[in-house]
Amino acid sequence: LSNAVGRLGGKGGDPVVELQTNFGGGKTHCLLALYHLFSGTPATELPGTEQILHEAGCEVPAGVNRVVVVGTKISPGSPSTKEDGTVVRTIWGEIAWQLGGKDGYEMVRADDEKATNPGDKLKELFNRFSPCLILIDEWVAYARQLHEGSDLPAGSFDTQFTFAQTISESAKTAKDTLLVVSIPASENEIGGEWGQQALARLKNAVGRVESSWRPASPDEGFEIVRRRLFEPITDKEGFVARDAVARAFVEMYGTQHNEFPSECREGEYERRLKMAYPIHPELFDRLYNDWSTLDKFQRTRGVLRLMAGVIHSLWERQDGNLLIMPATVPIGDPAVQFELTRYLDDQWTPVIAKDVDGE
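If you want the working numbering, it's the position in the sequence shown, counting the first as 1, plus 1.
1) Sorted by chain position, which residues of the same chain lie with C-beta nearer than 7 Å to Ser131's C-beta, five sequence neighbours on each side aside?
2) Which complete alpha helix (DSSP H) runs does the segment 17-95 hold, if anything under 4 residues is left out?
3) Tell me, please, whether the segment 154-171 touches the segment 86-95 by the rule of three or more beta-carbon pairs shorter than 8 Å.
4) Please state whether DSSP places Val330 in a helix, a strand or coil.
5) Can you say whether His281 is buried or exposed, counting buried as having 16 or more other CB atoms within 10 angstroms of its CB?
6) Quick test of your reading: Phe39 and Leu180, contact by CB under 8 Å. State the CB separation rounded to the nearest angstrom.
7) For the beta strand (DSSP E) that contains Asp138, what are its first and last residues?
8) How should Cys265 be labelled, buried or exposed, when 16 other C-beta atoms within 10 angstroms of its C-beta is the threshold for buried?
9) Does DSSP put Phe127 in a helix, in a strand, or in coil?
10) With a CB to CB cut of under 8 Å and the five nearest residues on each side skipped, what residues in its chain are close to Pro327?
11) Check the C-beta distance from Arg145 over to Ala199 and give it rounded, since I have them as a contact under 8 Å.
12) Below 8 Å on the Cβ atoms is my contact criterion, and I expect Glu224 with Met308 to pass it. Report the Cβ-Cβ distance as a whole number of Å.
13) Can you tell me where the beta strand (DSSP E) with Leu1 in it begins and where it stops?
14) So, helix, strand or coil for Ile234, using DSSP?
15) Leaving out the 5 sequence neighbours to the left and right, which residues in its chain are closer than 6 Å to Ser183 when beta-carbon positions are compared?
16) Measuring only the C-alpha atoms, how far is Asp244 from Gln161?
17) Can we say the segment 302-321 touches the segment 337-346, given the rule of at least three CB pairs closer than 8 Å?
18) If Leu230 and Ala247 are in contact, beta carbons under 8 Å, what's the gap, nearest whole angstrom?
19) On the DSSP bridge assignment, give the partners of Ile280 in chain order.
20) Quick test of your reading: Val141 and Pro185, contact by CB under 8 Å. State the CB separation rounded to the nearest angstrom.
21) Counting along the chain, where does the alpha helix (DSSP H) carrying Asp112 start and finish?
22) Inspect the beta-carbon positions of Leu2 and Ile75 and report whether they are closer than 8 Å.
23) Measuring only the C-alpha atoms, how far is Pro351 from Glu95?
24) Please list, in chain order, all residues of the same chain as Lys12 whose beta carbon is under 7 Å from its beta carbon, the five residues on each side excluded.
25) If you count every other CB in all the chains shown that lies within 10 Å of the CB of Glu260, and 16 or more means buried, which is it?
26) Three-state secondary structure (DSSP) at Lys12?
27) In this structure, does DSSP put Gln99 in helix, strand or coil?
28) So, at 7 Å on beta carbons, what are the nonlocal neighbours of Lys204 in its own chain, with the 5 sequence-adjacent residues on each side left out?
29) Report buried or exposed for Lys355, applying the criterion of at least 16 other Cβ atoms within 10 angstroms of its Cβ.
30) Quick check on DSSP: helix, strand or coil for Ser157?
31) The alpha helix (DSSP H) that contains Gln146, what's its start and end?
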């Protein structure tokens, strides 16, 4: 986010960013954060922006023109008629129209109608309507429909990746322009032979100039989950209670060296306890580092689903523990058990019922 503020604010920074993410790895949260950060809302009304602006060395620029292209929401075979009567056929036509309306579209009209790569016109477009933020999601899902031999208004399979290289180079050389492209890392999102080819060619085209971001580290995942599932602590009493719990756990770990890992006694661990509160960071670690290796587990999204069920169950039974820990996860609760076992083979359900949660 600080890179984005710097780039769009004229302070330099990566012009092309590839979001590398597993399924449910925080991509959507990252894209939403970028979208809202440059919405024109005062930074003082957006929690957590103070550090971002400090790292960027400038304020959020005003008047950013935002483009959002979601490959699963537009059809390469069906032109889109906009409210001003403009008919858009290609991704480059869509980007131009979102940036500058009819005036922007006119700059690439001929290439949109012929489904040909717009070339240097993209750089001219970006310079005219800068600062520009261009977010492209699900591009692989869109491009894989343009298989060889198809005759669609959006153009050919080959032209799509010529355009991918062109837009990357244009964003690099244009002023105050940031292109963010999400690239799936999960087989579940790629979709067959044409998806594999589209992914490889897209990565090759964008990879010439991109800088890779991984949207959500485990620590960032703490913040996402906590903010989605709990109201923020705003009063002094709440902060005092949180800090007291974190300090009590650290002191316990410090006096029982043989019972707990050495990392629990480090000062950094107290910070992690506060960041994850009221969830113990060990539970997050197990979900992000171990559970996320399961096929189809959606990392941040999956953790949100599971923890929502856990918190609801503990709230209903008025659980009085200071933190939600691995041992307090109510695996006997049907909703929680379903979230735990939906990614496992069927034979694990009776094991949990009899050997783990049984009496």
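Beta carbons are placed, not taken as given, at the ideal position from N, Cα and C, and that holds for glycine.
By the coordinates alone:
1) In the sequence shown, the residue the question calls residue 131 occupies position 130. Cβ neighbours of Ser131 beyond the five flanking positions: Ala175, Lys176, Asp177, Thr178.
2) Counting whole runs of 4 or more residues, the segment 17-95 contains the alpha helix (DSSP H) stretches 28-38, 50-57.
3) Flag = yes, the segment 154-171 and the segment 86-95 touch.
4) To locate residue 330, count along the sequence shown from 1; it is residue 329. DSSP places Val330 in coil when its eight states are reduced to three.
5) As a position in the sequence shown, residue 281 is number 280, starting the count at 1. Looking at its Cβ environment, which holds 16 or more other Cβ atoms inside 10 Å, His281 is buried.
6) On the sequence shown, position 38 is the one that residue 39 refers to. On the sequence shown, position 179 is the one that residue 180 refers to. Their Cβ separation, rounded to whole angstroms, is 14 Å, which puts Phe39 and Leu180 out of contact at 8 Å.
7) Numbered from 1 along the sequence shown, position 137 holds the residue referred to as residue 138. Per DSSP, the unbroken beta strand (DSSP E) holding Asp138 starts and ends at 133-138.
8) Within the sequence shown, numbered from 1, the residue matching residue 265 stands at position 264. Buried: at least 16 other Cβ atoms inside 10 Å.
9) Against the sequence shown, residue 127 aligns to sequence position 126. Helix.
10) As a working mapping, residue 327 is identified with position 326 in the sequence shown. Answer for Pro327: His281, Glu283, Leu284, Arg287, listed in chain order.
11) If you number the sequence shown from 1, residue 145 lands on position 144. If you number the sequence shown from 1, residue 199 lands on position 198. Rounded, the Cβ-Cβ distance is 4 Å, consistent with contact.
12) Here residue 224 is taken as the residue at index 223 of the sequence shown, counted from 1. Here residue 308 is taken as the residue at index 307 of the sequence shown, counted from 1. Between Glu224 and Met308, the beta carbon gap of about 13 Å keeps them out of contact (Cβ cut-off 8 Å).
13) Missing from the structure shown is residue 1; the chain here goes from 2 to 360 and no further.
14) As a first step, residue 234 must be located in the sequence shown, where it is residue number 233. Coil, per DSSP.
15) Within the sequence shown, numbered from 1, the residue matching residue 183 stands at position 182. The beta carbon of Ser183 sits closer than 6 Å to the beta carbons of Leu20, Lys28, Asp138 from its chain, once the five residues preceding and following it are set aside; these are given in chain order.
16) As a first step, residue 244 is located in the sequence shown; it is residue number 243 there, counting from the start. As a first step, residue 161 is located in the sequence shown; it is residue number 160 there, counting from the start. Roughly 53 Å separates the two Cα atoms.
17) Output reads yes: the segment 337-346 touches the segment 302-321.
18) Working through the sequence shown from its first residue, we reach residue 230 at position 229. Working through the sequence shown from its first residue, we reach residue 247 at position 246. That belief does not hold up - the Cβ atoms of Leu230 and Ala247 are roughly 19 Å apart, past 8 Å.
19) As a first step, residue 280 must be located in the sequence shown, where it is residue number 279. Answer by DSSP bridge pairing, in chain order: Ile325.
20) The count along the sequence shown starts at 1 and reaches residue 141 at position 140. The count along the sequence shown starts at 1 and reaches residue 185 at position 184. Under the criterion of beta carbons closer than 8 Å, Val141 and Pro185 qualify as touching, at roughly 6 Å.
21) Your numbering for residue 112 matches position 111 in the sequence shown. Looking at the DSSP string, the run of the alpha helix (DSSP H) that includes Asp112 is 110-115.
22) If you number the sequence shown from 1, residue 2 lands on position 1. If you number the sequence shown from 1, residue 75 lands on position 74. No. Outside cutoff.
23) Taking the sequence shown and counting its residues from 1, the one referred to as residue 351 is at position 350. Taking the sequence shown and counting its residues from 1, the one referred to as residue 95 is at position 94. Straight-line measurement puts the Cα of Glu95 at about 52 Å from the Cα of Pro351.
24) Translated into positions along the sequence shown, residue 12 becomes position 11. Sequence-distant Cβ neighbours of Lys12 in its own chain, meaning closer than 7 Å and more than five residues away, are Ala57, Gly58, Cys59.
25) Position 259 of the sequence shown, counting from 1, holds the residue named residue 260. Exposed.
26) Counted from its first residue, the sequence shown places residue 12 at position 11. Of the three classes helix, strand and coil, the one that applies to Lys12 here is coil, per DSSP.
27) As a first step, residue 99 must be located in the sequence shown, where it is residue number 98. In the structure shown, Gln99 falls within a helical segment according to DSSP collapsed to helix, strand and coil.
28) In the sequence shown, counting from the first residue as 1, residue 204 sits at position 203. Shown here for Lys204: same chain residues with a beta carbon closer than 7 Å to its own, the five before and five after excluded, namely Ile184 in chain order.
29) Against the sequence shown, residue 355 aligns to sequence position 354. Result: exposed.
30) Numbered from 1 along the sequence shown, position 156 holds the residue referred to as residue 157. In this structure, Ser157 counts as coil in the three-state DSSP scheme.
31) Stepping through the sequence shown from its first residue, residue 146 is reached at position 145. Where Gln146 is concerned, there is no enclosing alpha helix (DSSP H), because DSSP gives it neither an H nor an E.
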